[in-house]
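S.K.: In UniProt numbering, the protein residues as written are 1 to 918.
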Amino acid sequence: MSVQLREPIRSLGRRRIITSKKPWPLYFRSTSTTQGNNNTTTPHSIPPTKWPIIYRAYNTSAATAITSTNILEQVPVKKSSTTTTAPKLNALKFWQQYQQQQTKDAMTSKEFEHLISTLFQQAQTSSRKSVFWNRIIQVYETANQLQLHSTPNIYLTAMTAYGRIGNSQQVMALFKEYKSQFRLKDNAHQRYFEAIVDSGDFATALNVFRDIKSNPNLSVTNASICLKDLVNALCVSSAKKSNVYIAIKAVEEMKHSMADWDPQARQQITESLWQGYQKLLHKSFDTTITPLSVETLLATYIENSSISTKIIPCQLFTLFNLLCHQSNGFIPTTKTCNLMLENQLLDKKNYGSVKCVLSWMQKLDVEPTSSTVAILLRTFGSRLPTHQAEQLYDKSLKHGTIDADFFKNYIKVFASDGALVKSVLKDVRQHGIEIDTTWHATMTQSFVQRGELDQGFKWLQQVKSKDLDCFASIMEAWLQRGQWQKCSLHYEALLQQAENVDTHRRIVKCALAAGFAENKPHLLDHIKIKFTPNTVMRIVNNLLCLESKHGHALVPGGIIVKSLKMMESKLHVYLDAEGIRRMILGLGNRGDCQHAFAVYKYVREGGHEHVRAKRCATAHIYLALMTSATKNNDIRILERAWVDMQYRKRFYGNKSKDKELHTLARYNILLNGYASQLPKPDLTGVKRVFQRLLNQQLAPDTVTYNILIKAFVNANNMDAANQILQQQQQQQQQPDIRAINTILNGWIIQKNWDQVEKLVKQQPVDMVTFNLLIQNFLNLDSKSMSYMHILKNKHQWHKLDKLKKSNPNMSSQTIWNIFESATGYTRHGITNYKKISIKNESNSSLCKQLKQLKSKPSPPPTLPPVESKNAFVKLFSKPTEAAADQVTYKLFMKAFVNIGDYEAASDVYQWMQYSLKL
């Protein structure tokens, strides 16, 4: 027998059922007689009794309970068969009578339930802070102390009372006990959540709401009703503006099921949020929600978003979505929809919300305008095929939904097509649209994208543009292309033609960078702008980032170091330690470790004494130089920085701390430098540093063991690497995946496939392991590639050629075989995909087929997996264990490029773009 059936049966066993002629008689247990004035018993008067024992049904109403207590006021009852109607009980006297009687004799659960129901009815008709809520709690706790079995009504009423006095923790405890005793009623969760909201603990209320909406036994309708109570309390009842953000967040978490909400609850949530947004904007709009009032609110929000509110665009879309779901026929204006489109595009290109806004416009028959088309062109124009963009352009011209913004956005999309831009400008003149100063930025962007920098500069001069940012854009393009002389000459010409050129920061910084790159820094003598450390850092960073199409540095490192010295000495503006660190790392990443060391020496030995002490006392420059030295295989510079770092306290002026012992992390840096030496690691240095570490009473950590394993693997000593791994395990340190992959890489280099298979079966296979195998099968050893890069930076071409000859080239067919075994896709299938993608540009039907193909979760049927008996394929080609990622495809592209098969590399690249979207 279930618990739900046993409970009513138990309660029936505790009742005494007494029949009567009347359907509503009350029976009481008499304990004494009332003495009259003559000390006799009055037969027509009811003597004082204990608390009434009520033998009513399980769910007797509170109203009956109130009527039943009329005997407490000792109203005479006649012997006649007719019953007189008793007056309503005074609540205060009722409570006093309970306090007097409950100390004399125990009450039953049903009596407590009737009492609590009576107090609950009285509390609802009183003020919010009524004393009856505390009395309900007092009665419940008394019943709990007597260990009486509480009924569902007692639990629910007590939860409400605890909520009204602000005790949310007790509400949660009661609900937990209630769930363990009874089967929950339909409205139990709603009563429970109302009590939590009434307590004013909104952080707890939000967590409880999340539990309710994620409960699989509750419908979305019930969750929306609970959400209604929370939003109303946060936005309407509460005066704190911060609570409005909590309400918006709660609605945002249920936005995906908005269509299934309770209609009345959704309407009330919308109205509550409407008031909440007005609080955040510090303005009051129409209380009724109309299309015009919504448009005004959204426009006000967008105008004052930077200072008035912290609402992010996606949360503003939540209000818009709620308004469109209203059942009263709300239809937003076109301007409202345009505002929403622009707002959502600010939120990291939220295309999902943009698509939803467009679907609402179509569903509600909102007519798009030229502004709508301009927004869509600006957003999706680069993704549209040329023929579709031209169709959209022709339709807009035909229907007349055009303005200046439409033409400007169309030019921005197709700025690289000079003939198309000229055609659009011709249409602009035909429609009588004036090309004013607002067109200058658009046309400048078009010239820069087409590479017509000289024509763009002349055009700006012809129209006498006063927008110096346009000139700055063209000068920056010259700077990036390495045309520094043109940049300097046009700067001189611009000084003669326009005003305030020498105070425009972008133009001056561009001209200075061009002058430094030419090694002609004469402009420093005529600077009129205010220089800050950030200005110096930006100029230095521009010089570091100037590269050719093939990635080669355009500005030598010596010129960059010289430029820094000149700016600091002439302008007396100094980079801080963080700026110097970034400069050293930038030079190190370019392979210019010697000039990185020159910056280090300049900072430690030159410049202002106070600035030198401030920059050299921190660890920034030392760590940066050690990183650059390790990357560029320069152990001497690494040792120099490591030793100098121990004496950096001298720059504080504290002679008592001449030397600072290194920590374990800094020992690991030096260890890694010796272990990373190419072409072979310096094992002597590794052993010496490790012994010094132990002598300093430092315990090796996981990073230390990983470095030692890497050192012996790079030295091709796998026995020593395995011993280090076992020693780490003996020290009760579990090796991480990096150590396992390093060991695995060593076995792969030695082509010891038995050890590879043994190790893989012991450890889980991840993408790093998968790519390590592919990298070695393709002869793309990372150590050899790094050594080639270092030799190239040092211009040691003889050693580079010798190293290349030692690595035999693979055939294209061999690489394709490895590709098919590793990814499961054939070369023939990828070639078919390439043909489809080429035809797609001119065939709209194929475009639809390709979209349908991309929407499928599995590969296309033309690309069946390759079956192979190879253990590598069986182990790694399973989609559940490993699947090709971007790194995998790039390894194959690198292999094809190394052998000069650029067409195959292009095929792999196109397939990578497609397959990663499946």
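The C-beta atom is built at its ideal place from N, Cα and C for all residues, glycine as well.
1. Should V599 and V561 be called a contact, given that it needs their Cβ atoms to be closer than 7 Å?
2. So, under 8 Å CB-CB, L495 and I539 are touching, yes? Tell me the CB distance rounded to an integer number of Å.
3. Quick one, are the C-beta atoms of D592 and G551 less than 7 Å apart?
4. Short of 6 Å in beta carbon distance, which residues of its chain neighbour L544, apart from the five on each side in sequence? Order them along the chain.
5. Which stretch, first to last residue, makes up the alpha helix (DSSP H) that contains N153?
6. By a C-beta neighbour count over all protein chains shown, 10 Å radius and 16 as the cutoff for buried, is M912 buried or exposed?
7. I'd like to check one pair, L778 with F664: are the Cβ atoms closer than 7 Å?
8. Secondary structure at E452, three-state DSSP: helix, strand or coil?
9. Say whether the region 134-143 touches the region 160-167, bearing in mind that this needs 3 or more beta-carbon pairs closer than 8 Å, one atom from each stretch.
10. If we count Cβ pairs, one from each stretch, closer than 8 Å, do we get three or more for the region 445-464 versus the region 472-483?
11. How would you write the range of the alpha helix (DSSP H) that C593 sits in, first residue to last?
12. Do A624 and R581 have their C-beta atoms closer together than 7 Å?
13. What's the call for D736, buried or exposed, on a 16-neighbour Cβ count within 10 Å?
14. Given this structure, state the Cα-to-Cα distance separating S465 from Y491, to the nearest angstrom.
15. Output the boundary residues of the alpha helix (DSSP H) element that contains N695.
16. Assign A553 to one of three DSSP states: helix, strand, or coil.
17. Got a sec? Which residues, its chain only, sit under 6 Å from L156 by beta carbon, not counting five neighbours each side?
18. Considering only the alpha carbon of each residue, which of S257, N717, I815 lies closest to Q775?
19. Answer with buried or exposed for residue 946, where buried requires no fewer than 16 other C-beta atoms within 10 angstroms of its C-beta.
20. May I ask which residues mark the beginning and end of the alpha helix (DSSP H) holding Y622?
21. If we count Cβ pairs, one from each stretch, closer than 8 Å, do we get three or more for the region 679-694 versus the region 706-716?
22. Roughly how many angstroms separate the alpha carbons of T69 and A195, rounded to a whole number?
23. Please classify D901: does DSSP put it in a helix, a strand, or coil?
24. List, from N- to C-terminal side, the alpha helix (DSSP H) runs of 4 residues or more that fit wholly inside the region 184-266.
25. Quick one: what's got a C-beta closer than 7 Å to I212's C-beta in the same chain, skipping five residues either side?
26. Check this for me: beta carbons of W484 and A514, under 7 Å apart or not?
27. How big is the Cα-Cα spacing for D436 and V424?
28. Can you tell me the Cβ-Cβ gap for Q344 and S353, rounded? I've got them flagged as a contact below 8 Å.
29. Can you list, in chain order, the residues of its chain whose CB lies under 7 Å from that of I637, leaving out five sequence neighbours each side?
30. Any idea what DSSP makes of E518, helix, strand or coil?
31. Count the other CB atoms, across all protein chains shown, that sit within 10 Å of the CB of S257; report buried if there are 16 or more and exposed otherwise.
32. Spatial neighbours of T823 within its chain, please: C-beta separation below 6 Å, excluding the five flanking residues on both sides.
33. Sorted by chain position, which residues of the same chain lie with C-beta nearer than 7 Å to L478's C-beta, five sequence neighbours on each side aside?
34. Do you know offhand how far A617's Cα is from E660's?
35. Taking DSSP as the reference, what is the three-state secondary structure of Q849?
36. Counting C-beta neighbours from all protein chains within 10 Å, is the total for H608 16 or more, i.e. buried, or is it exposed?
M.R.: The answer reads as follows:
1. A Cβ-Cβ contact shorter than 7 Å links V599 with V561.
2. Incorrect: roughly 19 Å between the Cβ atoms, too far for contact.
3. no
4. G586
5. Note, N153: alpha helix (DSSP H), 152-164.
6. buried
7. The sequence shown places Leu at residue 664, rather than the Phe named in the question. Result no, Cβ atoms of L664 and L778 do not sit closer than 7 Å.
8. In the three-state DSSP reduction, E452 falls in the coil class, being neither helix nor strand.
9. yes
10. yes
11. Annotation: the continuous alpha helix (DSSP H) that includes C593 extends over 593-605.
12. yes
13. By the 16-neighbour rule on beta-carbons within 10 angstroms, D736 is exposed.
14. 15 Å
15. For N695, the enclosing alpha helix (DSSP H) stretches over residues 683-695.
16. strand
17. R191
18. I815
19. The shown model of the chain, from 1 to 918, leaves out residue 946, and the question about it has no answer.
20. Secondary structure note for Y622: its alpha helix (DSSP H) is the uninterrupted segment 620-631.
21. yes
22. Here T69 scores only 37 on pLDDT, less than 50, and its place in the model should not be relied on; the value that follows carries that caveat. Computed Cα separation, rounded: 29 Å.
23. coil
24. For the region 184-266, whole alpha helix (DSSP H) runs of length 4 or above, ordered along the chain, are 188-198, 202-213, 220-232, 242-252.
25. H189, F193, L218, A223, C226
26. Yes; because the gap between Cβ atoms is below 7 Å, this pair is in contact.
27. 15 Å
28. 4 Å
29. Here the set comprises C593, F597, L625, A629.
30. Assignment of E518 by DSSP, reduced to helix, strand and coil, places it in the coil class.
31. Classification of S257: exposed, given that the 10 Å Cβ count is below 16.
32. A884
33. Reading off the sequence, residue 478 comes out as Trp, not Leu. Contacts found: L453, K486, C487.
34. 12 Å
35. Confidence at Q849 is low in this model, with a pLDDT of 36, below 50, so the placement of that residue should be treated as unreliable; the coordinate-derived value is given next. Three-state result, Q849: helix.
36. exposed
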